[in-house]
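Per this note's numbering, the sequence shown starts with residue 258, numbered consecutively. We put the CB at the ideal spot given by N, CA and C, even for glycine. Every value quoted in this text rests on a predicted model; they were computed, and no experiment measured them. Encoded as structure tokens, the structure appears first; notes follow it.
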Amino acid sequence: MSDATSNAVLCTECLDLKQGTVYCSARCAIANIADHGRSKHGVQTAAGEASSLTRPLSAFVDSTLESKNPGLKMTRLR
């Protein structure tokens with residue numbers, strides 16, 4: 258993907274709760290994940306943990322589509 262959505266990341270804790278908190282980029286998540294974790298999940302989080310607490314939007318979409326559509330193969334166009 259070459260559009261802005263290719264950089265978007267999701268909070269994995271929110272995904273587990275069937276909610277979506279989307280950050281425009283990993284850099285944005287790093288800057289905001291500590292406040293988000295405290296206010297939405299009641300946990301203390303160091304900003305440096307952001308990469309382990311987020312998942313790329315594109316990976317989530319791909320895995321969801323593939324799991325709901327057996328045999329579907331995803332191909333990235335560049």
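Residue closest to residue i, alpha-carbon to alpha-carbon, out of the options
{"i": "residue 265", "options": "292, 298, 313 and 330", "result": "313"}
{"i": "residue 306", "options": "274, 273 and 286", "result": "286"}
{"i": "residue 298", "options": "271, 324, 319 and 289", "result": "271"}
Which of helix, strand or coil DSSP assigns to residue i
{"i": "residue 312", "result": "strand"}
{"i": "residue 318", "result": "helix"}
Range of the contiguous alpha helix (DSSP H) that encloses residue i
{"i": "residue 245", "result": "Past the boundaries of the shown model lies residue 245; the chain is included only from 258 to 335, so the question cannot be answered."}
{"i": "residue 293", "result": "283-293"}
Residues of its chain near residue i, where Cβ-Cβ distance is below 7 Å and the 5 sequence neighbours each way are ignored
{"i": "residue 267", "result": "277, 278, 279, 311, 312, 314 and 317"}
{"i": "residue 308", "result": "283"}
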